[in-house]
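Just below is one structure, and these are the notes that go with it.
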Amino acid sequence: DAEALRNVDYDQAVTHLKRATDLHPNYEDALAGLGAAYRRMGDKERDAQHDAKAREYYEQSRDYYKQAQLADPSSSYALGNVASLSWFLGEKNAANGYFTLAEAVAKVRIMNAGRSPEIYWDYYDLALAQLVTGTVTKDEATKDEAIKTYHTAIQLTPGAVQLNSVLNNLYLLQKARDGIDRLDKVISLLEAAKAK
1 DAEALRNVDY
11 DQAVTHLKRA
21 TDLHPNYEDA
31 LAGLGAAYRR
41 MGDKERDAQH
51 DAKAREYYEQ
61 SRDYYKQAQL
71 ADPSSSYALG
81 NVASLSWFLG
91 EKNAANGYFT
101 LAEAVAKVRI
111 MNAGRSPEIY
121 WDYYDLALAQ
131 LVTGTVTKDE
141 ATKDEAIKTY
151 HTAIQLTPGA
161 VQLNSVLNNL
171 YLLQKARDGI
181 DRLDKVISLL
191 EAAKAK
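The sequence shown begins at 1 in the numbering used here and counts up by one.
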C-alpha cells in the first residue's frame, strides 16, 4: 500500500480514495490510504523545504488517520500515525496521549492475534509507543523494553518494503523539534536489518 503510493500520482490517488469514501464514508482502508497519500505529499514538500505546505499536508494526513481510527478502533496503525504526526507537528502532549492509546491497542492485538502474518506492524506500533513513553517519563526500563520489542518486530518482518515503511516514519520523527531517546539506535537496527 505505502510502496504503491510512492510510485503514483498523489493527486490521482487522493481523487480515487475520496471517491471511495464518498461511497463508503467509514471505509477504513480508504481513509488510511488518504492519510498515507497526504503524508507522502507532506514528505515531498518538506524535502523541497516548503514547510508551510508540508505542515498543511501533515495536518490533513492526521485528520484522515483520525477518521480511520474511528472507523476501526481496534487498529493501532491509525493511532500510531496520528501520534507520530502530532509529535512531528510539535504537539507533544497530544502525541503522548495517542502513543499511550496506540500502545494499549497494540498490546491487545498482539495478545489476541498470536502469530498472524502481519503481527509485526503491531509490534512496531508498540515499540514506538514504548520508546516515546520512556522518553517522556525518562524511564530507561521502558526504553529498554522498546528496543526488545523492535528486535521482535524485525524478526517477524518479511522484507525491505515493510522496513522502509517503518523507517519512513522514524526519519520523520528524527526531524521533529522534540527528540526521542534512542531513535538513532532504532533506525540503525532497522537499516541493518534492511541491508541483510
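Backbone N, C-alpha and C define an ideal beta-carbon position, used for all residues, glycine too. These numbers come from a predicted model, not from an experiment.
What is the residue span of the alpha helix (DSSP H) that residue i lies within?
| i | result |
| --- | --- |
| E145 | E140 to L156 |
| Q69 | D51 to A71 |
| E28 | E28 to D47 |
| S75 | That residue, S75, is in no alpha helix (DSSP H); it is neither H nor E in DSSP. |
| D184 | L183 to A195 |
| A176 | Per DSSP, A176 belongs to no alpha helix (DSSP H) and is neither H nor E. |
Once DSSP output is grouped into helix, strand and coil, what is the label at residue i?
| i | result |
| --- | --- |
| G97 | helix |
| A20 | helix |
| E118 | coil |
| L128 | helix |
| L85 | helix |
| D1 | With a pLDDT of 48 at D1, under the threshold of 50, the modelled position of that residue is not reliable, and no figure is offered here. |
| D9 | coil |
| E91 | coil |
| G80 | helix |
| G197 | The question about residue 197 has no answer here: the residues shown for the chain are numbered 1 through 196. |
For residue i, count the other beta carbons within 10 Å of its own beta carbon; 16 or more makes it buried, fewer makes it exposed. Which is it?
| i | result |
| --- | --- |
| T21 | buried |
| N96 | buried |
| Y150 | buried |
| K175 | exposed |
| M111 | exposed |
| A34 | Checking the displayed sequence, the identity of residue 34 turns out to be Leu instead of Ala. The residue is buried, with at least 16 neighbouring Cβ atoms inside 10 Å. |
| K196 | exposed |
| V105 | buried |
| L163 | buried |
| Q130 | buried |
| L23 | exposed |
| D47 | exposed |
| A13 | buried |
| A102 | buried |
Pop quiz: residue i and residue j are said to be a contact at Cβ under 8 angstroms. What is the actual Cβ separation, rounded to whole angstroms?
| i | j | result |
| --- | --- | --- |
| L31 | S61 | With a Cβ gap of about 11 angstroms, L31 and S61 do not count as contacting. |
| F99 | T133 | 6 angstroms |
| Y77 | A37 | Contact flag wrong, Cβ pair sits at about 15 angstroms. |
| D181 | T135 | 4 angstroms |
| K194 | A160 | 5 angstroms |
| L173 | W87 | 6 angstroms |
For chain B, check one thing: does any of its Cβ atoms lie closer than 8 angstroms to the Cβ of residue i?
| i | result |
| --- | --- |
| S61 | Chain labels in this structure do not include chain B; a single protein chain is all it has. |
Contact between the region 67-77 and the region 49-58: three or more CB pairs below 8 angstroms? Output reads no: the region 49-58 does not touch the region 67-77.
Stretch-stretch touch, CB-based, cutoff 8 angstroms, three pairs: the region 161-179 with the region 79-92: A contact exists between the region 161-179 and the region 79-92.
Below 8 angstroms, can you find three or more Cβ-Cβ pairs linking the region 112-129 to the region 142-159? Short answer: they touch.
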